[in-house]
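Report on the following structure.
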Amino acid sequence: MKRSIRLAEAPPRLGARIAERTAYAGGLYRIRFTPEAPFAFRPGDCVGVYGPKGNVSRPYSLSGGTDDTELELLIRRIPGGRISDWLYTLPIGTRLEISPPFGWFHPGEAAHPHQVWFATGSGVAPFLSALRSGGQHPLQARWGVRSVLDLEGIDGPFERFVSRGEPGGHRAGRVTDDLDTVRVGPEVHYYLCGLDAMIEEVASMLAERGVGEDRIHRECFFQAQAS
Ligand SMILES: Cc1cc2nc3c(=O)[nH]c(=O)nc-3n(C[C@H](O)[C@H](O)[C@H](O)COP(=O)(O)OP(=O)(O)OC[C@H]3O[C@@H](n4cnc5c(N)ncnc54)[C@H](O)[C@@H]3O)c2cc1C
């Protein structure tokens, strides 16, 4: 008997044009796209961005508000990176392809009124989206970066930690310093985004303090050995 194999269908792709790009001295950049069709997403959703030949894609978290007319991403430029470096060099107006939004990490949603956020580097993107979409403000939010230059152009209610830097409007150190000052309560949900090492360290601390897995939400962008 002949067996037929059903291949999973590739998700549809959407066209979008680069409308604007702002580079920051620390290596992060914001890029805005005008989608060719109406585009709805939840704060925390990602899109896949396809590369020049259309056969490679990387996920990026949307950092803009859900009512914005343009889509925004906040990206760490990795020299030689197939997508992050390429996207950085494309002229304004270039058309590229993105996937529909997808994701499982949704900070700021009203279902969890008490939230604590942790981000490293470009892992602040989903939290920016939540804030710009009018979502729930956190009880406490920490954002860690390597250089003070990474803080440029990004606002929000974050306690900022700079691991390689001079003190001045931020804390010198790591986002995982003094974890005993993090608010822990039976109704609090924790959202952790960015480097895997930070996520695991904070999650272990929370588990030791009795926080259940159902209240720890993780989105890993980068692995420590790759960065
Ligand atoms: C769910 C999800 C959401 C994400 N959202 C974002 C986002 O909003 N913003 C964002 O900037 N990234 C985000 N990322 C990471 C992103 O998808 C890419 O992995 C990243 O941009 C590198 O892709 P690339 O094609 O440029 O580099 P690649 O061509 O894949 O890698 C090139 C080289 O760089 C190394 N490398 C990889 N990561 C790093 C690093 N952090 N530092 C130094 N070297 C590295 C690799 O080991 C490799 O040798 C997300 C990842 C996931 C899984």
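Following our numbering, the numbering of the sequence shown begins with 62 at its first residue and continues without gaps. Every residue gets a Cβ at the ideal spot worked out from N, C-alpha and C, and that includes glycine.
Using three-state DSSP, classify residue i as helix, strand or coil.
i	result
W58	Coverage of the chain is limited to positions 62 through 288, which leaves residue 58 absent and any answer about it impossible.
P171	For clarity, residue 171 is Ala in the given sequence; the question names Pro instead. Three-state DSSP puts A171 in coil, outside helix and strand.
E220	strand
R156	strand
E274	helix
A101	coil
T127	coil
A71	coil
S288	Confidence at S288 is low in this model, with a pLDDT of 47, below 50, so the placement of that residue is unreliable and no value is reported for it.
Hey, could you find the ends of the beta strand (DSSP E) residue i is sitting in?
i	result
R193	Not the beta strand (DSSP E): R193 falls in the alpha helix (DSSP H), residues 186-193.
Y90	89-96
A180	176-181
I260	Segment 257-269 is the alpha helix (DSSP H) holding I260; no beta strand (DSSP E) there.
G109	107-111
A86	No beta strand (DSSP E) contains A86, which DSSP labels as neither H nor E.
L132	132-137
Taking the alpha helix (DSSP H) that residue i belongs to, which residues open and close that run?
i	result
Y149	145-150
S122	First-last for S122: 118-122, but that is the beta strand (DSSP E), not the alpha helix (DSSP H).
Using the Cβ count rule (16 or more neighbours within 10 Å means buried), how would you classify residue i?
i	result
G125	buried
V117	exposed
D128	exposed
E280	buried
S292	Nothing can be reported for residue 292, as the shown portion of the chain is limited to 62 through 288.
A71	exposed
P140	exposed
Q284	exposed
W178	buried
A172	exposed
F282	buried
G246	exposed
R143	exposed
F222	buried
D106	buried
P174	exposed
W165	exposed
P104	buried
P73	exposed
Smallest Cα separation from residue i: which of the options?
i	options	result
L95	V243, Y121, L132	The question names Leu, but residue 95 is Thr in the sequence shown. Ranking V243, Y121, L132 by Cα distance to T95 puts L132 first.
K114	S224, H173, G142, L157	L157
A98	A77, Y90, T83, G88	A77
G196	G217, L75, I153, A80	G217
L240	I215, L267, Y252	L267
I153	V236, T83, I260, C254	T83
M259	G214, T237, R270, D275	T237
F163	E274, R119, E261, R193	R119
E170	F100, E213, V263, L192	L192
D257	S208, E213, T242, T181	T181
E81	L210, S265, T130	T130
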